[in-house]
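These protein sequences, in sequence, are chains A and B. In this text, residue positions in the first sequence follow the working numbering: the first is 7, and each later residue adds one. In this text, residue positions in the second sequence follow the working numbering: the first is 739, and each later residue adds one. Report on the structure given below.
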Amino acid sequence: MRARELQAHDRYQRHQETWGDGPPYFSEGTFDFWQNIAQGRFTLGHCAACDSRYFPPRVICPSCWSADAVDLVDTPGVGTVVSYTELHTVSTALRPIAPVVMVCVDLAEKVRILTWLLGDDDRGSIAVGSPCRIGVEEVLGANRFVARLL
Amino acid sequence: MTDVAIAGSAVVPIGLYAQPEEDLIMRCVVAAAADAGVSRSDIRGIIAMATRPQSVQQYQAAHIASRLRLDIEFLAELEVSALGLCSALRLAESVIRDRDIPAVVIVGASRESLVPTVDFLEHRTSRTTDASFVGPFGMAPIAWCALGARQLLASGEATEEDFAAVSVRLRRNASMNPVAYFRAPITAEDVMASRMVAAPLRLLMICPRADGAGAIMVVRPDVAALRPTRAAVHLAQGLAHDGDNVISEQAGRSFCELPSTRVAAEDAFNRAGIDYSDVDVVEPWVPFTPMEIMVMRGLGFPRDYWTTTEVSPSGGLVSRGHPLLATGFYNVHEVIQQLRGEAGPRQVDAARVGLTVSESGNFNGCAVDVFGRLDGRTAN
Chain A
7 MRARELQAHD RYQRHQETWG DGPPYFSEGT FDFWQNIAQG RFTLGHCAAC DSRYFPPRVI
67 CPSCWSADAV DLVDTPGVGT VVSYTELHTV STALRPIAPV VMVCVDLAEK VRILTWLLGD
127 DDRGSIAVGS PCRIGVEEVL GANRFVARLL
Chain B
739 MTDVAIAGSA VVPIGLYAQP EEDLIMRCVV AAAADAGVSR SDIRGIIAMA TRPQSVQQYQ
799 AAHIASRLRL DIEFLAELEV SALGLCSALR LAESVIRDRD IPAVVIVGAS RESLVPTVDF
859 LEHRTSRTTD ASFVGPFGMA PIAWCALGAR QLLASGEATE EDFAAVSVRL RRNASMNPVA
919 YFRAPITAED VMASRMVAAP LRLLMICPRA DGAGAIMVVR PDVAALRPTR AAVHLAQGLA
979 HDGDNVISEQ AGRSFCELPS TRVAAEDAFN RAGIDYSDVD VVEPWVPFTP MEIMVMRGLG
1039 FPRDYWTTTE VSPSGGLVSR GHPLLATGFY NVHEVIQQLR GEAGPRQVDA ARVGLTVSES
1099 GNFNGCAVDV FGRLDGRTAN
């Protein structure tokens, strides 16, 4: 446990260097995920013990409860819009991009992602069931995982 | 029938208050004691909803007990949640039975007006869902309701005009409720012309964040028996949770079906030995009008539930107002007024069974509380 905590302390400092005080906030289970996002790569959680895929990543597999078996895997990021809303009243942090279109997307891997839809042209054509892709783009000065319609 | 019962209830009119929470709570405790016919010395326990972060005074239970010089042997504070009052009722009932004490008072207050909505979105709701993966995208109660409302529209289960009709009915009800915040009647045209906040939710489909406070006096059977026509029995509590934290991680789950509501309703009805047709009045925790449709259909009531069951005669959260920690008190208060036959112009005929429906998260968790009169008779 001491060795793991020393590693966590080191990673926490590296997370702070990349993401500041957050969000996103530090966790051992998501450290590599957010480092990947900073480098422009979107990944899903994958359990090395039971082969299940899940999102967000975490220190314990939600299927088999294996500890520290997270093995991030790449994904095409293709899925469908489950629902969406356009938010006109938002926090101060989001005002520069308001109104924002929040979308909930189910990926082909049977995991659910909540994020923003980018693309002004897409606002008028989005519908429940629209095909879309999750990727990494810079928004509000940082890399984020976001959706665009296909 | 003899049982632990709610013998007294008091609330302050919902509004914008300069008085701090302690002032409002103390007024409610004294009013609830008078309503229940109990004396200060009868009140041997106090349960408070844990104070909101914006409140100056913390540890409100001990503070109120001291200020009112209550001679208590039991004290508790329950974490903020829409289910807090449901848990407090069960706790009070248990303490009265275990310790054989005459009365326990439950109190709660919220001054939501102290926190501007943008700050509320920034500092609170962004961290009640997943603080890294969901909240930063702007998730808030209005957003998760909007996601469900969008699915209702897309599936043809409801229209925007249906949402507006709920707003109009709630405002009509609130116009007859002296403690409601918004009481001027509105039309469907007013609702549809109001500005979009979180599509498809418009301003007049949304609860006002406001201030309020309440107190409920739970008493021992022999104390309740002194007022059989005014005491309400908590007949059953149905509970369910679907395992999610607002936004399901699992693909395929619906935003508008709210499975916990049906499970909780069936649990409550089985425990109370009643059916849907027995329910005369429902006061659900629904801060947005599309959610009333989701909740009532989710519970198992018919699609046109408003034709058979009186829903939110108080005006509901959308018109009565939504002082978060105190809202449960207003729901219970209305049911008690209805069961007593003291609801004035909004009185439901021959009310005998009333429900409150409470949530945690996006109705991930649901509590259905069933209330009836101590004497088992109907109001009026």
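We put the CB at the ideal spot given by N, CA and C, even for glycine.
| Check | Outcome |
| --- | --- |
| Would DSSP call Tyr1014(B) helix, strand or coil? | helix |
| Name the one or two DSSP bridge partners that Ser747(B) has. | Ile954(B) |
| Measuring only the C-alpha atoms, how far is Tyr31(A) from Ala869(B)? | 7 Å |
| Taking 6 Å as the cut-off, is the C-beta of Gly1036(B) nearer than that to any heavy atom in the ligand FAD? | The ligand FAD is absent from the structure shown, which contains no ligand whatsoever. |
| Under a Cβ-count criterion, where at least 16 other Cβ atoms within 10 Å of its own Cβ denotes burial, should Ala847(B) be classed as buried or exposed? | buried |
| Return the chain-ordered ranges of every alpha helix (DSSP H) run that is complete within the stretch 909-935 of chain B and spans a minimum of 4 residues. | 926-931 |
| For the beta strand (DSSP E) that Phe151(A) lies in, which residues bound it at each end? | 148-155 |
| For Met7(A), is the classification buried or exposed, using 16 other Cβ atoms within 10 angstroms of its Cβ as the cut-off for buried? | exposed |
| On the premise that Val134(A) lies in contact with Val96(A), defined as a C-beta separation below 8 Å, what is that separation, rounded to the nearest angstrom? | No, Val96(A) and Val134(A) are not in contact; Cβ-Cβ is about 22 Å, not under 8 Å. |
| Whose CA, out of Arg837(B), Glu1072(B), Leu1093(B), lies closest to the CA of Ala1084(B)? | Note that residue 1084(B) is Arg in the sequence shown, not Ala. Of Arg837(B), Glu1072(B), Leu1093(B), the residue nearest in Cα terms is Glu1072(B). |
| Can you pull the chain A residues whose beta carbon is under 9 Å from the beta carbon of Glu987(B), in chain order? | Tyr60, Phe61, Pro62, Pro68, Val117, Arg118 |
| Using a Cβ-Cβ distance cut-off of 7 Å, determine whether Val84(A) contacts chain B. | no |
| Between Pro916(B), Glu927(B), Asn911(B), which has its C-alpha nearest Asp900(B)'s C-alpha? | Glu927(B) |
| For Leu816(B) and Ile844(B), what's the separation of their Cα atoms in angstroms? | 10 Å |
| Taking the DSSP output, what are the residues bridged to Met108(A)? | Thr91(A), Trp122(A) |
| Could you list the residues in the stretch 856-878 of chain B with a C-beta less than 9 Å from some C-beta on chain A, going in chain order? | Val856, Asp857, Phe858, Leu859, Glu860, His861, Thr863, Ser864, Arg865, Thr867, Asp868, Ala869, Ser870, Phe871, Val872, Gly873, Pro874, Phe875, Gly876, Met877, Ala878 |
| How about Met934(B): is its C-beta nearer than 7 Å to some C-beta of chain A? | yes |
| Decide yes or no for the touch test of the stretch 1047-1058 of chain B against the stretch 1076-1096 of chain B: beta carbon pairs closer than 8 Å, at least 3 of them. | yes |
| Determine, using beta carbons only, whether Leu1093(B) and Val1017(B) come nearer to each other than 7 Å. | yes |
| Output the boundary residues of the beta strand (DSSP E) element that contains Pro1028(B). | Careful: Pro1028(B) lies outside any beta strand (DSSP E), inside the alpha helix (DSSP H) at 1027-1037. |
| With 16 other CB atoms within 10 Å as the buried threshold, where does Arg790(B) fall? | buried |
| In the structure shown, what three-state DSSP assignment does Met739(B) receive? | A caution first: Met739(B) carries a pLDDT of 46, below 50, which makes its placement in the model unreliable, though a value can still be read off. Met739(B): coil per DSSP, three-state reduction. |
| For Arg805(B), which residues of its own chain have a beta-carbon under 8 Å away from its beta-carbon, when the five flanking residues on both sides are left out? | Glu760, Met764 |
| Any idea what DSSP makes of Pro63(A), helix, strand or coil? | coil |
| DSSP has Arg947(B) in a bridge; who is on the other side? | His1060(B) |
| Between the stretch 1061-1075 of chain B and the stretch 925-944 of chain B, are three or more C-beta pairs nearer than 8 Å? | no |
| At which residue ranges does the stretch 773-829 of chain B contain complete beta strand (DSSP E) runs of 3 or more residues, listed in the order of the chain? | 781-787, 812-816 |
| How do the stretch 743-751 of chain B and the stretch 135-149 of chain A stand: do at least 3 beta-carbon pairs fall below 8 Å, yes or no? | no |
| Per DSSP, what kind of secondary structure is Gln988(B) in: helix, strand or coil? | strand |
| Short check: CB of Ala884(B) to CB of Thr91(A), under 7 Å? | yes |
| Are three or more beta carbon pairs between the stretch 41-61 of chain A and the stretch 99-106 of chain A nearer than 8 Å? | no |
| How long is the line joining the alpha carbons of Ala55(A) and Val65(A), rounded to whole angstroms? | 13 Å |
| Taking DSSP as the reference, what is the three-state secondary structure of Arg965(B)? | coil |
| Could you tell me which of Phe871(B), Ser913(B), Val853(B) sits nearest to Tyr755(B), measuring between CA atoms? | Val853(B) |
| So, is the C-beta of Leu885(B) closer than 7 Å to a C-beta in chain A? | yes |
| Using a Cβ-Cβ distance under 7 Å, would Phe993(B) count as near chain A? | yes |
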